[in-house]
Amino acid sequence: FSLGAFLMLAFSLLLGDAAMHEWGWRIPFLIAAPMGLIGMYLRSRMEDTPIFREAGHAGKRAETQPLALLMRRHWQPMLVVGGLVVALNVVNYTLLSYMPTYLQRRIGLSPDEALIVPIIGMLFMMMFVPLAGGLSDRVGRRVMWRVSLIGLLVAVVPLYMLMATGFAGAIVGFILLGLLYVPQLATISATFPALFPTSVRFAGFAIAYNISTSIFGGTAPALGSALITLTGNELMPAFYMMAACLVGLAALRFMPETAGCSLHDDPFAQRT
-8 FSLGAFLMLA FSLLLGDAAM HEWGWRIPFL IAAPMGLIGM YLRSRMEDTP
42 IFREAGHAGK RAETQPLALL MRRHWQPMLV VGGLVVALNV VNYTLLSYMP
92 TYLQRRIGLS PDEALIVPII GMLFMMMFVP LAGGLSDRVG RRVMWRVSLI
142 GLLVAVVPLY MLMATGFAGA IVGFILLGLL YVPQLATISA TFPALFPTSV
192 RFAGFAIAYN ISTSIFGGTA PALGSALITL TGNELMPAFY MMAACLVGLA
242 ALRFMPETAG CSLHDDPFAQ RT
């Protein structure tokens, strides 16, 4: 995200606002295309995890399961992941994707200022992600998520109001929102896969994550803009983020703690 925003800012400064809107916006996409191919190549060369290979050697790897069977046997972790992803990606897409448009059209910042704000904010987020990840190993994933969700629920409206005060306020507000979001961002790779047993880990996680993302995360920028148009209230994206955090808190209520647990275990099976 930060690299993409930096490229957009660099080309905007180099080409000017008019040329950037007319044709220059295509250049970052052309640069990104070969990087995507490199990423696909690297992924194709990745080895399966040791636990997955062990399951295969032991004859415990499940055959391909129909979606209905997956939902019937593992509906609990799928619902938990789906609910957490509502919060995760509504905040993600609103904060990291929609925010430059919001700052420019709703707050009145220049196109370059609207890109500088998230670049600065994301640099702060990058510094704190490793710290939050390490802290989650000590205090647990649930604590990190609870702090993030409650913090965003309480602070998102005041911080949106702070961002509306101008360029400096937008920088401070974005940084604080980003730091409140970091505990989620830092723990998803360790949290979500651990909720599923090895035999269905990828399928269960991928289906729950992507359905929730496509319905709620990907539509968040358009819905936030539509709600502003419908109500005339510039804080509607903040209210939508609050609603998403409430969904996340409801899902968190049913999420077992996975910090320090073996990936050989099924945390939901251990509850019953």
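Using our numbering, read the sequence shown as starting at -8 and increasing by one per residue.
Note that the Cβ used here is the ideal one computed from N, Cα and C, for glycine as well.
1. In the DSSP assignment, find the alpha helix (DSSP H) that holds HIS12 and state where it starts and stops.
2. Short check: CB of LEU140 to CB of ALA185, under 8 Å?
3. If you draw a straight line from the C-alpha of LEU(-2) to the C-alpha of ALA10, how long is it?
4. On the three-state DSSP scale, how would you describe ASN83?
5. Thinking C-alpha only, which one of THR178, GLY160, ILE18 is nearest PHE119?
6. Counting C-beta neighbours from all protein chains within 10 Å, is the total for PHE183 16 or more, i.e. buried, or is it exposed?
7. Looking at the structure shown, is GLY209 part of a helix, part of a strand, or coil, going by DSSP?
8. To which residues of the same chain is LEU106 closer than 6 Å at the C-beta, ignoring the five residues directly before and after it?
9. Going by beta carbon distance, what residues of the same chain come within less than 7 Å of GLY209, once the five residues before and after it are set aside?
10. Helix, strand or coil: which one does DSSP assign to MET26?
11. Should MET232 and LEU218 be called a contact, given that it needs their Cβ atoms to be closer than 8 Å?
12. The alpha helix (DSSP H) with VAL145 in it runs from where to where?
13. Could you check if THR220 is buried or exposed, using at least 16 other CB atoms within 10 Å of its CB as the buried criterion?
14. Since VAL71 contacts ALA181 with CB under 8 Å, what's their CB separation in whole angstroms?
Taking the coordinates as given:
1. DSSP places HIS12 in no alpha helix (DSSP H); its state is neither H nor E.
2. Contact flag unset, no.
3. Each residue's Cα considered, the two are about 15 Å apart.
4. It is helical.
5. The candidate whose alpha carbon is nearest that of PHE119 is THR178.
6. PHE183 should be labelled buried.
7. Of the three classes helix, strand and coil, the one that applies to GLY209 here is coil, per DSSP.
8. Excluding five sequence positions before and after LEU106, the CB atoms of its chain that fall closer than 6 Å to its own CB belong to ALA(-4), MET(-1), LEU0, PRO91, given in chain order.
9. Cβ within range, chain order: TYR84.
10. If DSSP states are grouped into helix, strand and coil, MET26 belongs with the helices.
11. Against a cut-off of 8 Å, the Cβ pair of LEU218 and MET232 comes out as no contact.
12. Where VAL145 is concerned, the enclosing alpha helix (DSSP H) stretches over 132 to 154.
13. Taking every protein chain shown into account, the CB of THR220 has fewer than 16 other CB atoms within 10 angstroms, so this residue is exposed.
14. Distance from VAL71 to ALA181 at the Cβ level is roughly 15 Å; contact not present, criterion being Cβ atoms closer than 8 Å.
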